[in-house]
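For reference, the structure discussed in these notes is given below.
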Amino acid sequence: MRCPYCSQINNRVIDSRLSKDGRMIRRRRECLECGKRFTTYEKLEETLPMVVKRDGRREPFNRDKIISGIRKACQKRPISMTQIEEFVDSLESHFQDQGKKEIESTEIGEMVINTLREWDEVAYVRFASVYRQFKDINEFMTELEEILKARKENTKS
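Per the numbering used here, the sequence shown starts with residue 30, numbered consecutively.
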């Protein structure tokens, strides 16, 4: 590792620590040339699949795009950013574990919509209206009727 102060490559590791989530190693290093200390981070290079859109286009898996869509649906709802980020972490892990080169955008969308249904009905309907491309109020009503029907079935159980 090149020293950020003197650009020499002779250094030694003073301390190594695993991050809380176990996904990264933090290393304190000391340059053997200038004596200054600096920190480096080491993490596994993650290879996420390409996302195949509804129209057939392909684009890289975009964590920020997923978070943005979920945040819009959850705006002014009792869902924390931590909760959203942890969910997207689990999505990334799921798709990495599968080892596929490509995934359908609908697979991501269904996982998001199912999670939002569990978290918050309002966030779920907001996301569903965009994801399922509701064209009129009747489509909203159909979705709301499904939620009410499921709610009644849950109270009977």
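Just so it is clear, CB atoms sit at the ideal spot from N, CA and C, and this is done for glycine as well.
- The three-state secondary structure of M140, taken from DSSP, is helix.
- Around the CB of V80, 16 or more other CB atoms lie within 10 Å, so the residue is classed as buried.
- Here the C-alpha atom of F67 lies approximately 6 Å from the C-alpha atom of R57.
- Judged by DSSP secondary structure, N167 falls within the alpha helix (DSSP H) whose first and last residues are 166–185.
- Annotated as distal: E62 and N91, with beta-carbon spacing of 8 Å or more.
- Note on geometry: alpha-carbon atoms of S48 and D126 lie some 21 Å from one another.
- One alpha carbon belongs to K129, the other to V117, and they sit about 17 Å apart.
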